[in-house]
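Reviewing the structure listed below.
In our numbering, the protein residues as written are 13 to 120.
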């Protein structure tokens with residue numbers, strides 16, 4: 013397991029990723045949420061019980077297509093990648109009191 017090869021001193025208990033929204037129409041946003049090397053580096057940078065917190069953009073509305081078929085495809089891809097890499101638990105929280113124009117979501 014590559015995760016075991018890293019020195020514990022190089023790992024973190026918590027990583028917080030608050031950057032471009034996954035549905036931003038910008039090539040760099042796609043890389044942040046869908047690049048296998050980058051997403052794997054997040055996993056590798058965490059201790060065994062480490063926690064990843066990711067701002068994953070505006071919450072879907074009831075009439076939006078499923079994430080993987082609509083404008084939130086990058087978010088869906090990242091969640092699938094995190095699961096495949098080995099994260100033990102993935103939760104999405106929606107916050108509607110953040111004073112943005114729409115409810116916002118956070119992945120933990």
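From the three backbone atoms N, C-alpha and C, an ideal C-beta is built for every residue, glycine too.
Could you give the first and the last residue of the continuous beta strand (DSSP E) run that contains residue i?
i, result
"residue 24", "24–29"
"residue 58", "58–70"
"residue 104", "104–107"
Let me know if residue i comes out buried or exposed under the rule of 16 or more other beta-carbons within 10 Å of its beta-carbon.
i, result
"residue 60", "exposed"
"residue 66", "buried"
"residue 70", "buried"
Could you tell me the distance, in whole angstroms, from the CA atom of residue i to the CA atom of residue j?
i, j, result
"residue 108", "residue 118", "11 Å"
"residue 68", "residue 90", "9 Å"
"residue 84", "residue 34", "7 Å"
"residue 24", "residue 99", "15 Å"
"residue 30", "residue 116", "12 Å"
"residue 47", "residue 58", "18 Å"
"residue 49", "residue 56", "10 Å"
Would you kindly check if the distance between the Cβ of residue j and the Cβ of residue i is under 8 Å?
i, j, result
"residue 102", "residue 52", "no"
"residue 104", "residue 63", "no"
"residue 27", "residue 54", "yes"
"residue 86", "residue 114", "no"
First and last residue of the alpha helix (DSSP H) that includes residue i?
i, result
"residue 44", "39–46"
"residue 94", "85–97"
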